[in-house]
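There are 2 protein chains.
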Amino acid sequence: MYRGGFTGRVLRIDLTNLTYQEEKLDPKIARQYMGGAGLGIKYLYDELEPGIDPLGPSNKLIFTLGPLTGTSSPCASRMSVTTKSPLSNTVGVALTGGKFPAELKRAGYDAVIVEGRAESPTYVYIHDGKVDFKSAAKLWGTNTFDCQDYIRAELHNPSIKVACIGPAGEKLVRYACIINERRAAGRKGVGAVMGSKNLKAIAVKGDKVRTTLADPEKFKEVQAVYVKHLKDSPYIASFGKTGTSTVLDATSAIGICSAKNYSETGAFQAAEFLGAEANAKFDLRKEHCEGCPVGCSQVRMVREGQYAGSLAEGPEFETLYSLGTTLGNTNLPSVIAGDRVCDELGLDSLSVGVTIGFAMEMFEKGVINLEDTGGMELKFGKHEVILPMLRMIAYREGFGDILAEGVKRVSEKYGKGSEKYAMHIKGLEFPAYDIRGAKAHGLGYATSYTGADHSRGYAFQEIFAIPVPYAVDRFAVKGKGKLTMWNQDVRTVTCDCAPMCAFILDMAVPDIALENTAGLVGGATGWDITPEEVYQIGERVINTARLFNIREGFTRADDTFPERIMTEPIPDGPSKGELISQSDLDLMLDEYYEARGWTKEGVPTKEKLKELDIV
Amino acid sequence: MYRGGFTGRVLRIDLTNLTYQEEKLDPKIARQYMGGAGLGIKYLYDELEPGIDPLGPSNKLIFTLGPLTGTSSPCASRMSVTTKSPLSNTVGVALTGGKFPAELKRAGYDAVIVEGRAESPTYVYIHDGKVDFKSAAKLWGTNTFDCQDYIRAELHNPSIKVACIGPAGEKLVRYACIINERRAAGRKGVGAVMGSKNLKAIAVKGDKVRTTLADPEKFKEVQAVYVKHLKDSPYIASFGKTGTSTVLDATSAIGICSAKNYSETGAFQAAEFLGAEANAKFDLRKEHCEGCPVGCSQVRMVREGQYAGSLAEGPEFETLYSLGTTLGNTNLPSVIAGDRVCDELGLDSLSVGVTIGFAMEMFEKGVINLEDTGGMELKFGKHEVILPMLRMIAYREGFGDILAEGVKRVSEKYGKGSEKYAMHIKGLEFPAYDIRGAKAHGLGYATSYTGADHSRGYAFQEIFAIPVPYAVDRFAVKGKGKLTMWNQDVRTVTCDCAPMCAFILDMAVPDIALENTAGLVGGATGWDITPEEVYQIGERVINTARLFNIREGFTRADDTFPERIMTEPIPDGPSKGELISQSDLDLMLDEYYEARGWTKEGVPTKEKLKELDIV
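Chains as they are written, first to last, in this note's numbering: chain A, 10 to 624; chain B, 10 to 624.
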């Protein structure tokens with residue numbers, strides 16, 4: 010029985026020597042970084058040598074929970090995976106939900122730090138305060154579902170939770186993900202790092218010990234408010250009903266659901282074919298993360314035609330974009346089929362789709378031809394190429410071996426002006442939101458410590474017109490610096506550190522986010538923590554991540570966009586004519602750095618670091 | 010707690026009215042038919058109107074366990090599924106292992122009789138002495154693995170065992186199977202009957218109550234002898250190591266592993282590419298039925314090439330034939346991939362492969378052409394067609410809709426002399442053993458109550474040269490009548506009724522089979538039962554099944570072979586020149602009927618029925 014949110018125990022696994030040790034969680038660091046990505050970033054910053062190869066044995070793969078994980082707080086079976094990203098060389102953070110995170114907490118750990126590299130394929134089994142190192146020599150090559158099944162069979166326990174990689178992670182596809190159940194720690198190539206360590210899977214058996222709450226009454230009081238907000242939110246109601254496909258309708262309506270590798274938006278009538286109504290026809294059932302009252306995840310299945318029998322948890326909005334709109338593809342069954350295959354192979358469905366979309370535009374523009382693609386006609390709208398391409402990429406066969414490197418490296422290889430429409434920032438592929446029509450959201454991408462990342466500072470004010478902390482004009486450039494900072498800090502502490510589900514925060518409780526987090530975390534831990542201190546934790550995490558990236562050589566010049574965003578206006582639809590010019594970006598960056606107390610070059614000042622107590 | 014092998018309870022489920030009732034197992038019937046297929050056949054004979062449509066609501070689908078199921082007897086987590094077969098209109102029996110059978114026993118039932126037809130897709134959940142009828146409207150279309158996963162998720166219990174159909178069963182493919190875990194109740198189209206009843210799955214939660222043994226000391230004594238025999242058997246050792254792929258080597262060595270739809274045997278060097286050694290390279294791990302000390306089931310996975318990532322429990326020998334040798338296919342990865350797809354789609358891998366092989370020969374002989382096949386080049390050796398064909402058959406698309414009817418109906422459709430090489434008996438497709446080189450085994454096919462069925466009277470004397478009850482010459486015709494009767498009766502009572510694993514019986518304990526079964530069943534039930542009585546139960550079951558088939562219009566004329574067996578000698582290899590002529594068959598049938606105490610026309614005499622106490 011652990012009291013107060015934390016177990017107080019950190020598990021450090023050395024794959025090189027197949028040893029492990031338990032460490033105490035430093036209470037000061039816990040208070041300063043709370044948990045989740047904050048804790049992961051702190052470890053990464055403290056422990057990683059600058060300049061190391063993300064796919065070498067010196068990189069670390071850090072699984073972190075937070076004080077709310079495994080408590081009765083709704084939407085808190087969350088876990089962060091933190092590492093140096095092989096796509097961007099920046100901090101890489103990927104969060105996942107499902108049942109694994111709460112199970113890991115019950116196994117007795119706040120964090121698992123994986124170091125080194127096993128000599129041969131290995132999986133680890135964490136149980137009863139021990140770590141067993143098991144051969145994964147034969148498991149190597151399994152898809153993620155078979156892998157989970159067979160580890161449970163091998164360990165004779167159907168309740169064991171498993172997080173694992175598929176063939177894509179094994180083959181070091183730079184955007185490989187980690188899958189637990191049908192959930193992904195999707196982005197930044199965390200699965201490639203796991204593969205580089207010869208680590209096929211982490212299996213965990215919780216001993217059913219729950220962390221108790223330090224102040225249950227306070228906790229439950231805040232929780233009741235939280236649940237009420239969830240119930241009252243029309244967005245959450247729609248999420249519970251149709252999942253995030255509803256976001257495709259919302260973004261299409263305002264002309265920021267990008268299509269055909271950002272060369273279209275509104276002209277491509279995506280909502281009709283890929284929106285919530287279209288998706289609902291494929292509904293099978295809802296899936297819940299442990300303890301979640303919403304159940305945003307819709308399991309969908311294709312019932313007829315060439316993709317019949319394909320079943321996926323999703324597709325989420327971003328996959329509807331990455332295997333749908335950005336490929337010029339309105340065939341929803343192919344998106345569902347592709348989503349399933351991505352999960353099985355352990356591919357980040359977002360990055361892989363954007364990379365295929367980029368290849369399609371290169372193909373249509375003549376940068377590459379049939380010889381390059383090995384005979385594959387990579388034209389927008391040709392859904393028949395999706396499944397074969399996913400497979401070729403995961404196994405690094407033929408042209409797939411090239412696309413497995415991600416948009417940035419593909420464009421560097423082929424050149425010929427393709428860099429202009431290589432949709433990535435710092436190496437991370439673009440999400441669906443056409444930021445030319447949502448400027449603060451765009452500034453979030455430019456300044457995120459992970460690259461083009463919609464999850465590190467979501468501008469719901471622009472996308473859903475939610476006026477918290479104030480209403481904004483999504484086309485306006487001025488005034489976005491402070492807003493982006495607020496979005497990043499609040500999101501970071503609430504969703505990445507506590508951690509709680511991002512979907513729910515943004516659209517249900519942004520106005521009470523800080524109070525809510527203070528109340529729940531305070532109730533769990535016994536800390537006397539204010540909303541202001543909560544906010545400052547977010548800020549501290551962002552600053553620490555920034556220091557990491559600066560140490561890796563990143564500068565203001567990297568806080569930028571692909572040329573298309575800055576020179577090509579959105580060609581159609583309700584956001585037609587919008588772009589973010591270089592001067593727009595400069596203005597926003599100046600504002601943002603100033604709000605953050607950073608220099609004009611984007612470097613945290615000594616004063617700021619002192620204020621945040623960052624050494 | 011149930012005492013003495015049986016729970017004494019039978020569950021009758023009426024899908025038309027969505028009701029159920031519990032009945033007592035009649036102790037007299039239990040003693041006369043023991044359990045498993047014997048019990049199923051007795052119910053079928055007593056309860057089915059003659060002439061009913063196997064795919065209509067009047068057919069019944071009967072799941073039966075035996076007195077040993079769920080006891081500590083090794084190799085006894087077995088279950089029979091009995092129904093009127095939509096392939097043959099005869100009794101259809103399919104046995105399966107895995108963990109479902111023992112779980113059903115623990116749920117408190119010796120038998121589950123499913124009647125009628127649900128108005129809409131339904132699954133049943135058997136738990137705590139109750140039956141819940143659940144909608145399977147949304148589950149309809151799932152593959153068998155997803156279906157099991159999602160039922161466990163929906164019922165919030167990862168330990169629940171599920172037996173279900175895939176798309177093939179839903180689409181009434183006549184040789185659709187029922188899958189539990191990765192195991193199949195494979196043959197006779199039991200999955201099509203389940204589909205015709207709109208029954209997607211049976212989920213069961215055992216309450217962990219075990220049946221206790223009436224005479225544990227006697228039971229354990231016999232069990233020890235049994236286990237010793239298992240340990241001493243070189244065949245069982247090889248099964249535990251390489252699975253049934255070893256049978257491909259054994260049958261190839263004596264020239265009875267048929268190839269290319271029975272047009273070749275020895276010339277096709279299958280063992281090199283598809284035998285035990287070749288298979289072992291793909292080994293992932295062993296799988297055990299509950300309580301089995303052998304673990305014959307090998308999970309295999311393809312690690313590279315176009316089938317990389319394909320993982321199957323198997324392939325078993327019969328699948329190595331049906332997707333391998335009989336298709337002229339030496340590409341083992343394609344067999345493994347096809348095996349997996351068969352399990353997912355719920356196709357009997359044996360019948361579907363033989364049907365494709367038959368289509369290949371028709372294609373090569375010009376009976377059908379590209380127009381018939383929808384452009385598919387169905388040539389022997391072309392492994393690329395296997396996966397697409399399996400899919401087209403399961404979904405009844407294009408030419409697949411025709412092949413979904415099975416060899417008999419396909420040959421009736423196309424005619425043109427194709428009947429000669431339509432390899433089926435009574436509508437059931439041929440297994441791998443080229444019976445022209447194993448005459449008693451062939452007589453077993455001709456007289457089996459299910460059609461061409463290697464599992465109802467396996468002539469191990471011919472195939473493995475095991476001299477029990479006496480040594481035989483596999484090419485000889487004379488003297489096979491009595492032997493076949495013995496094989497059928499002993500196999501039926503031991504493997505189909507007790508029930509125990511067939512693999513193990515035939516090759517480890519045939520000499521002590523009757524004593525062993527008498528001892529184990531006697532020890533479990535408390536019956537004072539002799540080996541002679543055990544034998545008679547097998548005979549009684551065979552006679553009852555015969556009466557069922559006679560009532561359906563079957564006569565001596567149906568106890569026959571396809572023309573190829575009777576007119577074309579084996580063209581090559583160690584059994585070259587062998588065939589079973591019409592006069593050979595007549596001689597064997599005369600002998601067999603006489604041994605059975607049947608008339609020349611193959612009808613059980615009144616005296617025989619009286620002797621067996623069959624009313």
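Beta carbons: idealized from backbone N, C-alpha and C, even for Gly. None of these values were measured; they are calculated from a predicted model.
Beta-bridge partners of A/H463 (DSSP): none assigned. Going by beta carbons, A/F484 and A/A461 fall outside the 8 Å limit.
Under the rule that a run must span 3 or more residues, the beta strand (DSSP E) segments found entirely inside the region 293-331 of chain B read 306-310 and 320-322. Here DSSP, grouped into helix, strand and coil, assigns A/K269 to coil. Using a Cβ distance threshold of 8 Å, A/T92 and A/V182 do not count as a contacting pair. The shortest CA-to-CA distance from A/L24 to any of A/K143, A/E414 and A/R573 is the one to A/K143. Under the criterion of beta carbons closer than 8 Å, A/P580 and A/E273 qualify as touching, at roughly 6 Å. Taking 8 Å as the cut-off, the beta carbon of B/L257 is found closer than this to the beta carbon of B/A280. The beta carbon of B/E58 is closer than 7 Å to those of S67 in its chain, skipping five residues each way along the sequence.
Between A/A441 and A/T260, the gap from beta carbon to beta carbon is short of 8 Å.
Between B/V486 and B/D593, the C-beta spacing is below 8 Å. For B/Q278, there is no enclosing alpha helix (DSSP H), since its DSSP letter is neither H nor E. As a beta-bridge residue in DSSP terms, A/W607 pairs with A/P613. Residues of the region 343-366 of chain B with a C-beta less than 7 Å from any C-beta of chain A: none at all. With a 10 Å radius around the Cβ and a threshold of 16 neighbouring Cβ atoms, B/A210 comes out buried.
Shown here, B/F557 sits in a helix according to DSSP, grouped into three states. Using a CB distance below 9 Å, the part of the region 129-157 of chain A facing chain B consists of K147, L148, W149, G150, T151, N152, F154 and D155, ordered along the chain. Taking A/T220 as reference, the option from A/K417, A/L556 and A/K114 with the minimal CA-CA separation is A/K114.
At a C-beta separation below 9 Å, A/S168 has these neighbours in chain B: P167 and S168. Per DSSP, reduced to three states, the secondary structure at B/I538 is coil, with no helix or strand assignment.
Taking C-alpha positions only, A/H392 is separated from A/G611 by approximately 42 Å.
Runs of the alpha helix (DSSP H) spanning 4 or more residues and lying entirely within the region 45-125 of chain B occur at 45-56 and 109-115, in chain order. In the DSSP assignment, B/F372 falls within the unbroken alpha helix (DSSP H) covering S358 to E373.
By the Cβ test, the region 235-254 of chain B is not in contact with the region 19-38 of chain B, since fewer than three Cβ pairs between them sit closer than 8 Å. The Cβ atoms of B/E572 and B/R445 do not sit closer than 8 Å to each other.
Only buried fits A/L523, as 16 or more other CB atoms lie within 10 angstroms of its CB. In terms of beta-carbon proximity, B/A317 lines the interface with chain A, with at least one pair separated by less than 8 Å. Contacts with chain A at 8 Å (Cβ-Cβ) do not include B/R219. Contact between B/V213 and B/I135 holds: their C-beta atoms lie close to 5 Å from each other, under 8 Å. In the structure shown, B/A185 falls within a strand segment according to DSSP collapsed to helix, strand and coil.
Comparing alpha carbon positions, the residue from A/P302, A/M369 and A/Q232 closest to A/F512 is A/P302.
Closest in C-alpha terms to A/D515, from the list A/L239, A/L53 and A/E370, comes A/L239. Contact of A/E163 with chain B is assigned, a C-beta pair being separated by under 8 Å. With respect to chain B, the C-beta atom of A/Y159 has a partner C-beta closer than 8 Å. Across the structure, A/E471 and A/K448 are spaced so that their CA atoms are roughly 8 Å apart.
Nearest Cα to A/G314 within the set B/M401, B/V102 and B/T364: B/M401.
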